[in-house]
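This report refers to the structure that appears directly beneath it.
2 protein chains.
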Amino acid sequence: MTTVTIKDVAREAGVSVASVSRALNGTGGVTAETEKRIREVAARLRYVPHGAARSLITRRTHTIGALLPDMYGEFFSELIRGIDLAARTRGLHLLVSSAHDGMDDAAAALRTMRGRVDGLIVLSPRADASFLHANLPESLPTVLLNSPLRGRRYSVLNIDNPGGARAMVRHLAVERGLRDIAFIAGPPDNFDAQQREEGYRHAMAEFAPGAPLRVLRGEFTEDSGYRAGAELLASGKLPRAVFAANDMMAIGCLLALREGGVDVPGEVAVTGFDDIPIARYVTPALTTVRVRIVDLGRSALERLAALLDAPDQTATTQADTLGCDIVVRDSCGARPHARTFTNKAR
Amino acid sequence: MTTVTIKDVAREAGVSVASVSRALNGTGGVTAETEKRIREVAARLRYVPHGAARSLITRRTHTIGALLPDMYGEFFSELIRGIDLAARTRGLHLLVSSAHDGMDDAAAALRTMRGRVDGLIVLSPRADASFLHANLPESLPTVLLNSPLRGRRYSVLNIDNPGGARAMVRHLAVERGLRDIAFIAGPPDNFDAQQREEGYRHAMAEFAPGAPLRVLRGEFTEDSGYRAGAELLASGKLPRAVFAANDMMAIGCLLALREGGVDVPGEVAVTGFDDIPIARYVTPALTTVRVRIVDLGRSALERLAALLDAPDQTATTQADTLGCDIVVRDSCGARPHARTFTNKAR
DNA sequence: CTGAAAGCGCTAACAT
DNA sequence: ATGTTAGCGCTTTCAG
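Residue numbers (numbering that gives the first Met the number 0), protein chains in the order written: chain L, 0 to 345; chain G, 0 to 345.
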C-alpha cells in the first residue's frame, strides 16, 4: 500500500510541497531547473495527485454526474455516448448513476453526488418540481433533460415531441393517405409519452379529421408493443397504420403483426419514435421520428459546461428544444429499399 | 452559493461537529434525543456531506472506475449495464471513462482516477503489461477484462473465445454439414479477435480437416463486415458458411450478401459472435456465440468488490473464464422460426 | 524563487 | 455522551 503523496516527492527532491505543487501544475514560480528535478522525482516515484484532496481545496472535480432512470436499451446508451463524447473533449469525467424509478433511490444518488461532481445532467421524466427542489443542492449547476419543468432554477433541454408526432401523422395521413392510424402510448406518468400522445391527438384532428382515434396502452417496452399488436389483431379490425410512441414498441408490434400473418407495410404501416440504432436493422426497416439522441447528450453537456464556466449564467437558462424530423424507411410502405451504415463496432 | 457544511449544522444545533458526524453516520455515541435534533437541523438546512472531504479521511470513495476503449455499440452498453447493475446493489457508484485507442489517453484517464475510485475495471484488449504497470497505481485493486495478461498483479476475467469459436465451427461443420467455412477476423491487435481466429483455425482442423481455410480481414465494424461480404461476392466462389468474429461484422456481411442476391441461409449460412441485442432482430435472425455480456460486467464488479472487501486477496486472483455457448437462430438454416423478448425499453 | 502555514470539510482518536 | 484536536493530501496566500 505504497501510496506516495506530494510530501514524498518534496522530500525526495529536497524542496517544499509548495514547490512540487507549483511545478507539477505549471503555475509558474519555479526555476526550469528545479521543475525538471521535481518532475523527474515525481515520475520515478510514480506519483499521482490525489483527486479528492485536490478538489477539496480547488472546489473543482472536473467530473459531471448523470442521473438516469433505471431503464436500459439503446436510447440510454446513445445518450450516454453523446454525453461522454462531449465530456471527453472538454476533459470532464462522467459519474453515471442510474436509479430505480423509486424516487428514494434517485434522491440518495443525488445526495452522494455532492462534492464529487461539478454539475449534473438529470434525465428523469417523472421527477417533479418538489422532488428536484428537495434533493438538488442549490449550488449545483444542473441541466434537465426531457422534463416538464420550466424554469429559472434549472436549464432544461427537451425533445420536440409534439413536432415529431405531428410530422409523423402528417406523413402517414397526408403523404401516404393512411387516415386510420392507431397509437401505442407510453407510460402515462412519463413526460415524453404524454407529449407524444398529445401530439398524435392534435395532429389527427388536424390531418385526419373525423378518422377514428385508437390509443393502446404501452410501457415503452418491446413486450408491451407486442401485446398491443396482438390486441389489434384480436380486435378483428386492423387500422391502416400504427404509430408507436417509441421504437421498441413499434418493433414489438411489428413482430406481433408478422406472426399474425399481416403484411407490413402492405396491410398495415408501422412507425416508431426515437430512431434507435436497431430501427434500421429490423425487417421491414422502421420508419420513425429521428431524435438525434447523441446530439441531445452532447448538447446537454455543452450547456452544462457553459454553466460551469459562467457561474451566474442562470439567467440565460431558457428551455431549449431539440428539433426532430422523420426518417422514412420501409415499414410505412413509402420506399422499396434502403441501406445505411454506422461505424459502431461490436 | 450557500454551501452548507457540517459546521453550520453543528452551530445551529448547538453541538460540536463531532456529534453531528456521529449522529448522521449512525456511529452511535449520541443520545437519541440529540440525534433527533441534529437530524432535524440537517434536514432543515438541507445539509449534504461533502463527498471528497469525507473520502479524504475515510479512504473510501464507494466509487469504482471503468476504463473502456473508445468504441461504442451494444457490446459496451451491455457491459456497462452489467457493471452498473451489480454496482448499484452494492451501493457503489460508477465513474466511466472511455479512452481513445491512443494509450496516452488511457494513461491520463487512469491517473485522474487516483483518489476518486476504490477500484478499477479495465477493458483494454490492446493494453500490454508494461502499459498497465506504468499507469496503474500499485495500490488500486483492478480487474482486467479480456486481457492477454496473466497474473499475480491483477485479477483477470476472460471470455471463452476459443471454446465459443470451436462450438460454432463444430455446429456448422458437423451438425449442419457445411465444411467450407470462411472467417471474418477482427483487428489483429485485439486480443479477443486473435483468440477467436485461432479458435476458428483449430476447430477447422479438428472438424473439417482438408476443408479450405479462408480468412478475411475485418475491424469489428458493420462496415468492414459488409466489405468482407462484398469481397466474397466478387471472388466468384462463395463459401457455404461465413463465421464472423463479432455480430456487427456478421450483420454487415448479411447485408452485402443480400444485396448480392444471395440467399441466406439457403446458399450461405452466416454466423457471428457476442450475441448483442440486435442479433435477434435482423432478418434472418443471427445464429451466434452467446457471450453473456451483462454477466461479464456483473462478474467483473463482483470480483472487484470482493477484492475491496478483502484487502490481501490478491493471492486468490486466478484468471477466470466465462463460458459461452451458441444460440441457434435462422441465419445458419437450422430452424425455420423463433422469437424471444427482452424487456428493455426505449 | 521558494518555504511555512493555513485551511478545504470531514472523521477519528483522545479527552472530559 | 459530548467536545477538542489532529490530520487526510492538496493548493494557496503570505513571508522571506
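For every residue, glycine included, the Cβ atom is placed at its ideal position computed from N, Cα and C.
Near-chain G residues of the stretch 259-290 of chain L (beta-carbon distance less than 8 Å), N- to C-terminal order: Asp273, Ile275, Pro276, Ile277, Tyr280, Val281, Thr282
Chain G contact for Ser330/L (CB, 8 Å cutoff): no
Just checking: is the beta-carbon of Leu294/L within a distance shorter than 8 Å of some beta-carbon in chain G? Leu is not the amino acid found at residue 294/L; the sequence shown has Asp there. At a cut-off of 8 Å between beta-carbon atoms, Asp294/L makes no contact with chain G.
I'd like to know whether the C-beta of Ala51/L is nearer than 8 Å to at least one C-beta of chain G. yes
So what does DSSP say about Ser54/G, is it helix, strand or coil? The DSSP-derived three-state label of Ser54/G is helix.
Below 8 Å between beta carbons is the criterion; list the residues of the stretch 44-71 of chain G that meet it against any residue of chain L, in chain order. Arg45, Val47, Pro48, His49, Gly50, Ala51, Ala52, Arg53, Ser54, Leu55, Thr60, His61, Thr62, Met70, Tyr71
For Ala128/L, collect the residues of the same chain with a Cβ closer than 7 Å to its Cβ; drop the 5 residues on either side in sequence, then sort them by chain order. Leu148
When the Cα of Ala309/L is compared with those of Pro140/L, Ala164/L, Arg279/L, which residue comes out closest? Closest by alpha carbon: Pro140/L.
Contact check, Ala202/G vs Ala164/G under 8 Å by CB: the rounded distance? 6 Å
Which stretch, first to last residue, makes up the beta strand (DSSP E) that contains Asn349/G? No statement about residue 349/G is possible, as the shown extent of chain G runs from 0 to 345 and does not include it.
Pick out whichever of Arg87/G, Val40/G, Gly25/G, Thr111/G has its Cα sitting closest to the Cα of Ser97/G. Thr111/G
Contact the stretch 227-235 of chain L vs the stretch 250-264 of chain L: 3+ CB pairs below 8 Å: yes
Quick one: is His92/G buried, meaning 16 or more other Cβ sit within 10 Å of its Cβ, or exposed? Label assigned to His92/G: buried.
In angstroms, rounded to a whole number, what distance separates the CA positions of Ala9/G and Arg195/L? 49 Å
Sub-8 Å separation of Val3/G and Arg36/G beta-carbons: no
Proximity of Pro264/L and Asp329/L at Cβ, strictly below 8 Å: yes
Please name the residue in Pro283/L, Val155/L, Pro186/L, Asp274/L whose C-alpha comes closest to that of Glu73/L. Closest option to Glu73/L, Cα to Cα, is Asp274/L.
Determine, for Ser146/L, whether the minimum Cβ-Cβ distance to residues of chain G falls below 8 Å. no
So what does DSSP say about Phe74/L, is it helix, strand or coil? helix
Can you give me the C-alpha to C-alpha distance between Asp191/G and Ala244/G, rounded to a whole angstrom? 9 Å
Distance check for Leu171/G and Thr286/G, CA to CA, integer angstroms please. Cα to Cα, Thr286/G sits roughly 10 Å from Leu171/G.
Give the residues of chain G in contact with Pro136/L, contact being defined as C-beta atoms less than 7 Å apart. Correct list: Val47.
Using a Cβ cut-off of 8 Å (strictly closer), state whether Asp308/G contacts chain L. For Asp308/G, the answer is no, since every Cβ of chain L falls outside 8 Å of its Cβ.
Residues in its own chain within less than 6 Å of Glu11/L by CB, not counting five upstream and five downstream? Hits under 6 Å: Val40.
Bridge partners for Asp319/G per DSSP, in chain order? Per DSSP, Leu156/G.
Distance, Cα to Cα, Pro188/L vs Phe219/L? Residue 188/L is actually Asp in this sequence, not Pro. Looking at the two C-alpha atoms, the distance is approximately 12 Å.
Distance, Val214/L Cα to His61/L Cα: 46 Å
Tell me which residues share the same chain as Gly90/L and place their Cβ nearer than 7 Å to its Cβ, disregarding the 5 neighbours each side in the sequence. If we look at Gly90/L and ignore the five residues flanking it on each side, its Cβ neighbours are His61.
Rounded to the nearest angstrom, how far is the Cβ of Leu122/L from that of Leu55/L, given a contact under 8 Å? Contact flag wrong, Cβ pair sits at about 29 Å.
Secondary structure at Ala244/G, three-state DSSP: helix, strand or coil? coil
At the 8 Å Cβ level, is Thr2/G part of the contact set with chain L, yes or no? yes
The beta strand (DSSP E) that contains Arg89/G, what's its start and end? First-last for Arg89/G: undefined, no H or E at that position.
Within 8 Å (strictly less), CB to CB, does Thr141/L reach chain G? no
Please name the residues in the stretch 112-123 of chain L whose beta-carbon is closer than 9 Å to at least one beta-carbon of chain G, in chain order. Met112, Arg113, Gly114, Arg115, Val116
Apply the 10 Å Cβ neighbour rule to Glu77/G and answer buried if 16 or more other Cβ atoms are within range, or exposed otherwise. buried
Please say whether Leu295/G and Leu321/G have beta carbons closer to each other than 8 Å? yes
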